[in-house]
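Once you know that position 259 of the sequence shown is 1547 in my numbering, the rest is easy, because the numbers rise by one and skip nothing. Glycine included, each C-beta is placed from N, C-alpha and C at the ideal position. Read through the structure below, which is laid out as structure tokens, and then see the notes.
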Amino acid sequence: MAKPTAGTRLRDRIGSITGGAIAWVYAALLILPFYYFVVSSFKDNDGIFESPLALPASWDLSNFTDAVRQASLGPAIANSAITTVAALVLTLVLALPASFALARATGRAGRVVEALFSLGFLIPSFAALFPTFLLAAAMGLFHTRTFLVLLLPATAMPLAVVILTQFMRTIPRELEEAASMDGASAWQVMRQVYLPICIPGIATVLLLNFLSFWNEYLYALVLIGPDTAQRTIQVALPTLKVDAGTDYGMLMAGTLVTLLPVYLVYTILQRQMQKALVSGAIKG
1289 MAKPTAGTRL RDRIGSITGG AIAWVYAALL ILPFYYFVVS SFKDNDGIFE SPLALPASWD
1349 LSNFTDAVRQ ASLGPAIANS AITTVAALVL TLVLALPASF ALARATGRAG RVVEALFSLG
1409 FLIPSFAALF PTFLLAAAMG LFHTRTFLVL LLPATAMPLA VVILTQFMRT IPRELEEAAS
1469 MDGASAWQVM RQVYLPICIP GIATVLLLNF LSFWNEYLYA LVLIGPDTAQ RTIQVALPTL
1529 KVDAGTDYGM LMAGTLVTLL PVYLVYTILQ RQMQKALVSG AIKG
């Protein structure tokens, strides 16, 4: 093997320094807005506009308490949590068996069904708003969380099925054949062979759909409405207004409260998602 020349080493060093500098610049572009967002949640409007990047004069939590009280964020967070968790569970209950069947399918019918799931990416969410409204009214579930829990998994199925199907196809068929020879049924093969290996893929589906479900605004606003007993956190946030205008400090404080569950879930699931990405890269 030829030794690298001085010119090659210099180019590699320059490339490494350039790549590191770009990474630090990109990190700064992400951190600076978040820093501004956090410090602003402890200020009033005057402090935000006069010294946007300065630390707050005092770390007073009044903006947070006012936001929670004025917008009833406690019940709204509970509603969002119930809706999101129920929709995630229903998504997995539907997507896992479908993905297992498609991953094992070898005929033309399986390819057709998989293509139909992929077509779900072509339907804009706003295009289905009016038919969804009519369906909710016809079922007598308008202005209820129940219909939103049923709707969200339907919007998540294309992505969930595509991800899980591709992940299950990387599992060697020999494992399934060995389990079948031991007398395992199809359900037992899925539960005892496929699911433990697919944990990174399942975590990826959970994380992506959690972000989508938790941040859902349009359908939550239309289907549930402004009812404080049922509205989700994203519908409650825009109600943070005062008579003199918008209190941006209180609005940012309320928004920061809604982001905490997102960071918590991401922290828990990020390693499994990274495993799924690395596994896919290696097997690909």
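Which class does residue i belong to by DSSP, given the choice of helix, strand or coil?
{"i": "Tyr1505", "result": "coil"}
{"i": "Thr1434", "result": "helix"}
{"i": "Phe1330", "result": "coil"}
{"i": "Gly1572", "result": "Residue confidence for Gly1572 is low, a pLDDT of 47 falling below 50, so the modelled location carries little weight; the figure read from the coordinates is stated next. If DSSP states are grouped into helix, strand and coil, Gly1572 belongs with coil."}
{"i": "Ala1472", "result": "coil"}
{"i": "Thr1420", "result": "helix"}
{"i": "Ile1490", "result": "helix"}
{"i": "Ser1500", "result": "helix"}
{"i": "Ala1466", "result": "helix"}
{"i": "Leu1341", "result": "coil"}
{"i": "Pro1595", "result": "What is shown of the chain runs 1289 to 1572, which leaves residue 1595 out entirely."}
{"i": "Leu1410", "result": "helix"}
{"i": "Gly1395", "result": "coil"}
{"i": "Ser1304", "result": "helix"}
{"i": "Gly1428", "result": "coil"}
{"i": "Thr1453", "result": "helix"}
{"i": "Arg1559", "result": "helix"}
Distance check for residue j and residue i, CA to CA, integer angstroms please.
{"i": "Tyr1536", "j": "Thr1543", "result": "10 Å"}
{"i": "Arg1399", "j": "Gly1489", "result": "21 Å"}
{"i": "Gly1303", "j": "Ala1315", "result": "18 Å"}
{"i": "Ala1345", "j": "Phe1414", "result": "44 Å"}
{"i": "Leu1417", "j": "His1431", "result": "14 Å"}
{"i": "Tyr1507", "j": "Cys1486", "result": "31 Å"}
{"i": "Thr1443", "j": "Glu1338", "result": "43 Å"}
{"i": "Asp1300", "j": "Ile1319", "result": "28 Å"}
{"i": "Tyr1482", "j": "Glu1402", "result": "19 Å"}
{"i": "Ala1366", "j": "Pro1549", "result": "11 Å"}
{"i": "Thr1420", "j": "Leu1447", "result": "20 Å"}
{"i": "Leu1557", "j": "Leu1380", "result": "15 Å"}
{"i": "Thr1306", "j": "Pro1321", "result": "23 Å"}
{"i": "Ala1569", "j": "Met1538", "result": "Below a pLDDT of 50, predicted positions are generally treated as unreliable, and Ala1569, at 44, falls in that range; the measurement from the model is reported next regardless. In a straight line, the C-alpha of Ala1569 is about 44 Å away from that of Met1538."}
{"i": "Ala1309", "j": "Leu1317", "result": "12 Å"}
{"i": "Gln1454", "j": "Leu1349", "result": "47 Å"}
{"i": "Glu1465", "j": "Val1477", "result": "9 Å"}
{"i": "Trp1347", "j": "Ala1541", "result": "12 Å"}
{"i": "Pro1460", "j": "Phe1405", "result": "24 Å"}
{"i": "Ile1411", "j": "Pro1514", "result": "27 Å"}
{"i": "Leu1509", "j": "Leu1376", "result": "20 Å"}
Would residue i pass as a contact of residue j if the rule is Cβ separation under 9 Å?
{"i": "Ala1524", "j": "Ala1359", "result": "yes"}
{"i": "Gln1522", "j": "Tyr1505", "result": "yes"}
{"i": "Thr1394", "j": "Phe1501", "result": "no"}
{"i": "Leu1378", "j": "Leu1438", "result": "yes"}
{"i": "Met1445", "j": "Gly1408", "result": "yes"}
{"i": "Leu1511", "j": "Ala1424", "result": "yes"}
{"i": "Asp1343", "j": "Val1356", "result": "The sequence given here places Leu at residue 1343; Asp does not occur at that position. No, Cβ-Cβ distance for Leu1343 and Val1356 is not below 9 Å."}
{"i": "Asn1351", "j": "Ser1329", "result": "yes"}
{"i": "Met1456", "j": "Ala1391", "result": "yes"}
{"i": "Phe1498", "j": "Val1553", "result": "yes"}
{"i": "Leu1361", "j": "Val1493", "result": "no"}
{"i": "Glu1363", "j": "Thr1516", "result": "The sequence given here places Pro at residue 1363; Glu does not occur at that position. Closer than 9 Å, so yes."}
{"i": "Thr1480", "j": "Ala1467", "result": "The residue asked about is misnamed: residue 1480 is Gln in this sequence, not Thr. Contact flag set, yes."}
{"i": "Leu1298", "j": "Tyr1323", "result": "no"}
Within 9 Å of any Cβ in chain D, is that where the Cβ of residue i sits?
{"i": "Glu1464", "result": "The question asks about chain D, but that chain is absent: this structure has only one protein chain."}
Report the residue ranges of all alpha helix (DSSP H) runs contained in full by the segment 1348–1389; include only those spanning at least 4 residues, in chain order. 1350–1358
Is the segment 1382–1390 in contact with the segment 1419–1437, if contact means three or more CB pairs nearer than 8 Å? no
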